[in-house]
Amino acid sequence: MLTFPIKHEWLDLIERGIKKEEYRADTPYYESRLGPYLGQEIECALRNGYSATSPTLKVKVRVEKGTGNPDWGAEPGVTYFKLVILEMRRIEPETFIIKARRCKRCGGLLTSKQAVEDGYGHVCKMKEKAEQAAATPDPNQLTLFDVFESEE
Ligand SMILES: [Zn+2]
19 MLTFPIKHEW LDLIERGIKK EEYRADTPYY ESRLGPYLGQ EIECALRNGY SATSPTLKVK
79 VRVEKGTGNP DWGAEPGVTY FKLVILEMRR IEPETFIIKA RRCKRCGGLL TSKQAVEDGY
139 GHVCKMKEKA EQAAATPDPN QLTLFDVFES EE
């Protein structure tokens, strides 16, 4: 499938259904890539960036040649290869960002939502609780329990 780099603002306007054509210069490079498809409908990808996680739209387009809309980046009177957008859908990147942190006890990598919130893995959390329960409470230290009780 052909993939074309595209500016973020154009990708955004296409995704919102406002920009209905994408233009490519009438150069030997694009002649070699798009020329064979002139008048045909093809599937291609429009990608803002060069990595696998860059925002990408998969589009069905009709390849035409002609002048374009200046509001959509075309210079008046200039002939372009025009990709007339017929259908589109967003491609979700294959990699994504998750929250992770190191366990405060063992240093292991934590990725579950609960563990990331706790700062401990499941096993370390139980060990930590058991140790806290076994430890003799410091009589001078105010506990959360005391605070809640005194408020009532
Ligand atoms: Zn741990």
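Using this note's numbering, read the sequence shown as starting at 19 and increasing by one per residue. Every residue, glycine too, gets a C-beta built ideally from N, C-alpha and C. Nothing here was measured: the structure is a model prediction, and the numbers come from that model.
query, result
"Assigned secondary structure, P23 (DSSP; H/G/I helix, E/B strand, else coil)", "strand"
"Pairwise C-alpha distance: R107 and E82", "21 Å"
"One or two residues paired with E39 in a DSSP bridge", "V102"
"G126 beta carbon near ligand 2 (any heavy atom closer than 7 Å)", "Ligand 2 is absent from the structure shown, which contains only ligand 1."
"heavy atom of ligand 1 below 7 Å from R119 C-beta", "no"
"Residue burial classification, G139 (beta-carbon count within 10 angstroms, cutoff 16)", "buried"
"Cα-Cα separation, A153 to K147", "10 Å"
"Reduced DSSP secondary structure (H/G/I, E/B, other) of V81", "strand"
"Whole-angstrom distance between E59 and R80, CA atom to CA atom", "4 Å"
"Per-residue DSSP class, three states only, for I32", "helix"
"Where A70 falls: helix, strand or coil (DSSP)", "coil"
"Proximity to T97 [Cα-Cα], best of D89, R34, T45 and E110", "T45"
"Contact between the stretch 35-42 and the stretch 65-72 (3+ Cβ pairs under 8 Å)", "no"
"Top-ranked residue by Cα proximity to K131, from K145, R123 and I116", "I116"
"Limits of the unbroken alpha helix (DSSP H) element including R51", "P46 to L52"
"Check whether K78 and L104 have beta carbons under 8 Å apart", "yes"
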